[in-house]
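Note sheet for the following structure.
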Amino acid sequence: MARIAPILTPEKLADMKAKARENRRLIVEAINYAKAGHLGGPLSVTDILVALYFDVARVDPKRPYWEDRDRIILSKGHSAIGLYCVLALKGYLPVEETLTFDAIDSRLQGHPDMTKLPGLDASTGSLGQGLSVGLGYALGAKLKGKDFHTWAILGDGEIQEGQIWEAAFVADRYRLDNLTAILDFNQIQQFGWIATKGGETRKMHASGTNPGDKFASFGWHTLECDGHDIEDLVRALRAAKAHKGQPTAIIAHTVKGKGVSYMEHDYNWHAKVMSDADYQAAVKELIS
Amino acid sequence: MTKLEAQREVWGQTLVDLGKQYPELLVLDGDLANSTRAELFENAFPERFLQMGIAEQNMMGVAAGLAGVGFVPWLSSFAVFLTSRTLDQLRMVVAQPKLNVKLGAGYAGIMTSKTGKTHQEVGDVAVMRAMPNMVIIAPADGPELRSAMAAMMRDASPTYLRLTRDATPVIFDEKHRFEIGKVYVVREGTDVTIMSYGPQTTRALKAADILAKEGISSHVVHVPTIKPLDEDAIAAAAEKTGRVLTTEDHNKYGGLGGAVAEVLAQRRPTRMRIHGWQDVFGESGDNDALLEKYGLSSTHIAREARSLLAQ
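So the protein lines, in turn, are chains A and B. Sequential numbering of the first sequence, starting at 2, is according to our numbering. Sequential numbering of the second sequence, starting at 5, is according to our numbering.
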């Protein structure tokens with residue numbers, strides 16, 4: 002395999018990896034404290050969020066409404082706690098506030114509510130809608146002559162929604178190269194369906210195959226990367242931002258539940274309350 | 005001779021007029037601009053006219069993003085597509101964050117150019133009434149529509165503007181000033197209060213003429229803002245005659261009738277009749293034939309008023 006030159010300094014890379022690990026610990030802590038919420042998706046999307054917020058995206062936690070900021074939309078809104086923890090680590094909110102997740106009067110609603118927490122560029126939760134809002138931001142940037150970039154993070158189950166492909170169609174029509182879709186391609190959705198594969202009938206939790214081909218057929222530039230390799234993610238995100246003439250879809254290959262071994266690849270951990278033993282085991286892995 | 009004017013022509017032309025005044029105004033079309041007359045805006049401001057194709061759910065999300073960078077998007081489509089088709093999108097990305105997005109719902113009510121039940125939205129007012137943060141406006145005629153669109157541009161609320169396709173009688177002059185949340189007494193009377201919105205008010209006025217010949221005096225109140233409703237004015241208009249008939253080109257459930265009943269039941273119990281579509285889907289046909297068959301004509305309104313007075 003050809004050796005690819007590093008693009009991050011060893012110090013920066015180590016710091017971002019530490020941020021990702023800390024983010025996973027905060028997620029597990031908050032979900033355990035709330036005794037409710039999603040785990041698999043937030044753990045899966047963590048490195049994508051860290052790569053964006055700690056390197057590629059132009060954001061300033063002191064100016065959450067800065068009009069030239071990059072727009073970041075977590076279209077897979079059920080991974081909200083993953084985003085809240087990254088926003089906390091970035092300085093948008095106190096880290097202790099992550100324990101208010103899901104509680105009454107909290108700014109950290111079960112799904113992102115842009116009217117409550119500064120730093121959220123869209124309200125999401127009903128799936129399939131964030132790419133359209135991102136398309137609106139990207140069109141608006143072109144009309145206003147602004148150079149900010151818009152990032153929409155999609156779940157792979159989510160792209161079963163038809164509206165995603167409405168947006169894909171229209172983004173191609175306007176050649177919105179200031180719009181990037183990042184697919185958290187962990188290949189496990191909440192429940193899935195019964196299917197016959199190779200003569201065997203079984204439960205399929207996979208969300209569909211070859212999403213890159215689908216976006217490419219809609220006229221998008223597509224990239225693939227390891228969604229848990231910070232350098233690979235940064236490289237793909239930077240390439241997406243630099244690409245001209247087309248919107249880009251990054252297929253980030255991820256593992257649902259990443260970082261907690263017993264949750265990885267298991268659809269049951271999409272959203273499940275941990276026992277005390279589960280919690281202790283998860284924390285032990287994440288601080289080691 | 006009654007002057008006629010089509011709201012869709014006024015809609016298209018007023019978008020152009022407002023577009024000159026407000027550079028932040030954009031028009032998003034769902035591939036119907038030649039039907040809705042939003043094409044007039046494309047001709048005037050091609051770069052601010054965004055063709056979203058036949059993909060209304062995406063169009064609603066795009067509007068939210070555009071509002072997020074300071075534009076005021078006006079969506080142009082048919083009522084049925086801006087309500088039933090895109091309801092979840094409207095709910096989550098526009099109404100919940102209370103974004104400044106304007107919905108121009110053409111082809112509302114039963115008169116939809118012979119398209120039939122698939123293109124007739126019988127419950128749009130009911131649906132929008134139950135949607136927090138939404139303002140609902142249904143102007144009676146061209147002059148009121150012009151004034152209403154200007155008022156919408158001065159206001160930052162997400163707003164549903166209900167428009168009728170074909171030419172209907174003009175009842176207001178250009179001096180009429182529409183204000184969001186106000187009702188307008190268009191005829192003073194003492195025996196029965198008739199409340200309506202949209203061009204149904206022109207039919208209510210005709211019904212008042214019919215009733216006058218029989219010695220019945222109608223107090224006709226035009227309610228172009230269905231939400232927020234001017235509850236004081238509704239109660240006062242009920243007080244005036246002690247009998248309230250609501251009439252609307254909409255299902256009899258959940259529309260103005262329901263809104264008025266909610267107010268009066270709690271503030272001033274009043275003998276009422278609620279008149280509208282009889283909880284059915286429509287069909288295609290000529291406007292007059294539809295109004296007649298579905299019971300929405302002036303003679304039907306007059307009949308309802310007589311029944312109410314006989315109670």
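In this text, a Cβ means the ideal position worked out from N, Cα and C, and glycines have one as well. Every value quoted in this text rests on a predicted model; they were computed, and no experiment measured them.
* So does the stretch 154-167 of chain B actually touch the stretch 209-217 of chain B, counting three or more Cβ pairs closer than 8 Å? -> no
* **Contact set between G69 (chain B) and chain A, taken where Cβ atoms lie within less than 9 Å** => The count along the second sequence starts at 1 and reaches residue 69 (chain B) at position 65. Those are R72, I74, D122, A123, S133, V134, G135, L136, G137, Y138, A139, L140, G141, T151, listed as they occur along chain A.
* To do: Please determine, among B:V14, B:R307, B:S302, the residue with the shortest C-alpha to C-alpha distance to L149 (chain B).
  => Sequence index remark: in the second sequence, residue 149 (chain B) carries index 145 (1-based). Of the candidates B:V14, B:R307, B:S302, the one whose C-alpha sits nearest the C-alpha of L149 (chain B) is B:V14.
* To do: Give the DSSP-derived three-state secondary structure of Y138 (chain A) in the structure shown.
  => Stepping through the first sequence from its first residue, residue 138 (chain A) is reached at position 137. Here Y138 (chain A) sits in helix by DSSP.
* C-beta contact flag for T151 (chain A) and I73 (chain A) at 9 Å -> Indexing the first sequence from 1 puts residue 151 (chain A) at position 150. Indexing the first sequence from 1 puts residue 73 (chain A) at position 72. In this structure, I73 (chain A) lies closer than 9 Å to T151 (chain A) by Cβ.
* To do: Using 10 angstroms around the beta-carbon of S231 (chain B), count the other beta-carbons present and answer buried if the total reaches 16, otherwise exposed.
  => On the second sequence, residue 231 (chain B) is found 227 positions in, with the first residue counted as 1. Checking the sequence shown, residue 231 (chain B) turns out to be Lys, not Ser. When all chains shown are included, K231 (chain B) counts as buried.
* Asked: W194 (chain A): buried (16+ other C-beta within 10 angstroms of its C-beta) or exposed?
  -> Along the first sequence, one-based indexing puts residue 194 (chain A) at 193. Exposed, by the Cβ-count rule.
* Answer yes or no: do T181 (chain A) and A241 (chain A) have a C-beta to C-beta separation smaller than 9 Å? => Residue 181 (chain A) sits at position 180 when you count from the first residue of the first sequence. Residue 241 (chain A) sits at position 240 when you count from the first residue of the first sequence. It is a contact, given that the beta carbons lie within the stated cut-off.
* Taking A272 (chain A) and L40 (chain A) to be in contact with their CB atoms under 8 Å, please state how far apart those CB atoms are, rounded to whole angstroms. => In the first sequence, counting from the first residue as 1, residue 272 (chain A) sits at position 271. In the first sequence, counting from the first residue as 1, residue 40 (chain A) sits at position 39. A272 (chain A) to L40 (chain A), Cβ: 7 Å. Contact.
* **Inter-residue CB distance, S80 (chain B) and L36 (chain B) (contact presumed, cutoff 8 Å)** => As a first step, residue 80 (chain B) must be located in the second sequence, where it is residue number 76. As a first step, residue 36 (chain B) must be located in the second sequence, where it is residue number 32. Contact holds; Cβ gap of about 7 Å.
* Asked: Grouping DSSP H, G and I as helix and E and B as strand, with all else coil, what is G69 (chain B)?
  -> Start at 1 with the first residue of the second sequence, and residue 69 (chain B) comes out as number 65. Three-state DSSP puts G69 (chain B) in a helix.
* Sequence-distant residues of its chain with Cβ nearer than 8 Å to N24 (chain A) (five each side left out) -> Working through the first sequence from its first residue, we reach residue 24 (chain A) at position 23. Only T47, L50, V51, G83, C86, V87, L90 meet the Cβ criterion.
* Determine the DSSP secondary structure at N24 (chain A), reduced to helix, strand or coil. => Start at 1 with the first residue of the first sequence, and residue 24 (chain A) comes out as number 23. Looking at N24 (chain A) - three-state DSSP - the assignment turns out to be helix.
* Got a sec: does the ligand SAH put a non-hydrogen atom nearer than 8 Å to the Cβ of D159 (chain B)? -> Absence of the ligand SAH from the depicted structure is noted, as is the absence of any ligand whatsoever, leaving it without description.
* If we call anything under 9 Å between Cβ atoms a contact, is D234 (chain B) one with G185 (chain B)? -> As a position in the second sequence, residue 234 (chain B) is number 230, starting the count at 1. As a position in the second sequence, residue 185 (chain B) is number 181, starting the count at 1. It is a contact, given that the beta carbons lie within the stated cut-off.
* **Per DSSP, cross-strand counterpart(s) of G156 (chain A)** => Within the first sequence, residue 156 (chain A) is the residue found at index 155, counting from 1. According to DSSP, G156 (chain A) bridges with A:D185.
* **chain B within 9 Å of Q247 (chain A), Cβ atoms only** => Indexing the first sequence from 1 puts residue 247 (chain A) at position 246. No, Q247 (chain A) does not count as interfacial toward chain B.
* Residues in the stretch 81-102 of chain B having any Cβ partner in chain A nearer than 9 Å -> D92, Q93, R95, M96, V97, Q100, P101, K102
* Asked: Which chain C residues sit within Cβ distance under 9 Å of F170 (chain A)?
  -> Although the question refers to chain C, the structure presented lacks it and instead comprises the protein chains A and B.
* Among A:T210, A:R203, A:V171, A:Q281, which one has its Cα closest to the Cα of I58 (chain B)? -> Indexing the second sequence from 1 puts residue 58 (chain B) at position 54. Of A:T210, A:R203, A:V171, A:Q281, the residue nearest in Cα terms is A:V171.
* Contact under 9 Å by Cβ, I32 (chain A) with M275 (chain A) -> What you label residue 32 (chain A) is simply residue 31 of the first sequence in a count that begins at 1. What you label residue 275 (chain A) is simply residue 274 of the first sequence in a count that begins at 1. For I32 (chain A) and M275 (chain A), yes; Cβs fall inside 9 Å.
* **Residue from B:Q61, B:E266, B:Q11, B:M276 whose Cα sits closest to the Cα of Q93 (chain B)** => For the purposes of this step, residue 93 (chain B) is taken as residue 89 along the second sequence, with counting starting at 1. Checked all of B:Q61, B:E266, B:Q11, B:M276; the closest Cα to Q93 (chain B) is B:Q61.
* To do: From the DSSP output, in three-state form, read off G213 (chain A) for me.
  => Taking the first residue of the first sequence as position 1, residue 213 (chain A) is located at position 212. Reduced to three states, the DSSP call for G213 (chain A) is helix.
* Asked: Counting only beta-carbon atoms, is R174 (chain A) nearer than 9 Å to chain B?
  -> The residue labelled residue 174 (chain A) in the question sits at position 173 within the first sequence. Output row for R174 (chain A): interface = yes.
* To do: Specify the secondary structure class of T116 (chain B) as computed by DSSP and reduced to three states.
  => To locate residue 116 (chain B), count along the second sequence from 1; it is residue 112. The answer is coil: DSSP assigns T116 (chain B) none of H, G, I, E or B.
* Leaving aside the five residues before and after D227 (chain A) along the sequence, list all residues of the same chain whose C-beta is less than 8 Å from its C-beta, in chain order. => For this step, residue 227 (chain A) is matched to residue 226 along the first sequence. Closer than 8 Å at Cβ, skipping near neighbours: D233, L234, A253, H254.
* Asked: Between N291 (chain B) and the rest of its own chain, which residues show a CB-CB distance below 7 Å, the 5 nearest in sequence each way excluded?
  -> As a position in the second sequence, residue 291 (chain B) is number 287, starting the count at 1. Excluding sequence neighbours, N291 (chain B) sits near M115, D170.
* To do: Please name the residue in A:Y93, A:G156, A:D277 whose C-alpha comes closest to that of G42 (chain A).
  => Looking up residue 42 (chain A) in the first sequence gives position 41. Ranking the options by Cα distance to G42 (chain A), first place goes to A:G156.
* Endpoints, the alpha helix (DSSP H) within which R150 (chain B) is located -> Residue numbering aside, residue 150 (chain B) sits at position 146 when the second sequence is read from its first letter. That run of the alpha helix (DSSP H) goes 146-158.
* A171 (chain B) - containing alpha helix (DSSP H), residue span -> Here residue 171 (chain B) is taken as the residue at index 167 of the second sequence, counted from 1. Where A171 (chain B) is concerned, there is no enclosing alpha helix (DSSP H), although the beta strand (DSSP E) it sits in stretches over 171-173.
* **Interface residues of chain A facing F49 (chain B) [CB-CB closer than 7 Å]** => Within the second sequence, the letter at position 45 stands for residue 49 (chain B). The premise fails here: F49 (chain B) is roughly 11 Å from chain A at the closest Cβ pair, so nothing lies under 7 Å.
* **CA-to-CA distance, E125 (chain B) to G286 (chain B), given in whole angstroms** => Locating residue 286 (chain B) in the second sequence gives position 282, where the first residue counts as 1. Locating residue 125 (chain B) in the second sequence gives position 121, where the first residue counts as 1. Approximately 9 Å, taken between the alpha carbons.
* Identify every residue that forms a DSSP beta bridge with V84 (chain B). => As a position in the second sequence, residue 84 (chain B) is number 80, starting the count at 1. For V84 (chain B), which the question treats as bridged, DSSP gives no partner whatsoever.
* Exposed or buried, what is Y298 (chain B) when buried is set at 16 or more other beta-carbons lying within 10 Å of its beta-carbon? -> By 1-based counting over the second sequence, the position of residue 298 (chain B) is 294. Result: buried.
* Consider the Cβ of D178 (chain A): report whether some Cβ of chain B lies at a distance smaller than 9 Å. => Start at 1 with the first residue of the first sequence, and residue 178 (chain A) comes out as number 177. Taking Cβ atoms only, chain B never reaches closer than 9 Å to D178 (chain A), which makes this a no.
* Cut-off 6 Å between Cβ atoms - residues of its own chain near L128 (chain A), not counting five sequence neighbours on either side -> Taking the first residue of the first sequence as 1, we reach residue 128 (chain A) at position 127. For L128 (chain A), where only same-chain residues beyond five positions count, the Cβ hits under 6 Å are E159, E162.
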